[in-house]
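These notes concern the structure reproduced below.
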Amino acid sequence: MILLTQGEELLLVQFHEAKGERVGAKVGDSLPVDAFEHLVGKTPGVEFEGALDVLVDRHLLSKEGEDRYALTQEGYDYLYTREGRRLEF
114 MILLTQGEEL LLVQFHEAKG ERVGAKVGDS LPVDAFEHLV GKTPGVEFEG ALDVLVDRHL
174 LSKEGEDRYA LTQEGYDYLY TREGRRLEF
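All letters in the sequence shown, in the order written, are residues 114 to 202 by my numbering.
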């Protein structure tokens, strides 16, 4: 089971919401880093520091170049099969 913080999970969910209609994500979909940065201002009190690196380390995302992240099969499974849960503090 994969355990994520609220910040990590919110970043991962951006793949699901990327098209604005919540139509879902596919393995290999990629987003620029600025697609995640807007969350910091919208969600005060949520810690995002290092969250993208954690998602890459846990193989939920892969880094593509300097400024893009792609959804992996593990990330897809987390989003849609709920093979994980958020850590509560």
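Virtual Cβ for every residue (Gly too), placed ideally from N, Cα, C.
Quantities reported herein were computed from a predicted structural model and do not represent experimental measurements.
- Contact check for residue 128 against residue 117 fails: the beta carbons are separated by 9 Å or more.
- Assigned with DSSP and collapsed to three states, residue 173 falls in coil, not helix or strand.
- In terms of CA proximity to residue 166, 180 leads the group 154, 180, 156, 158.
- In the structure shown, residue 138 falls within a coil segment according to DSSP collapsed to helix, strand and coil.
- Across the set 159, 124, 191, the C-alpha of 124 shows the shortest separation from the C-alpha of residue 182.
- Closest option to residue 148, judged by alpha-carbon separation, among 192, 126, 160: 126.
- With respect to the 9 Å criterion, residue 189 and residue 146 are not classified as neighbours on the basis of their beta carbons.
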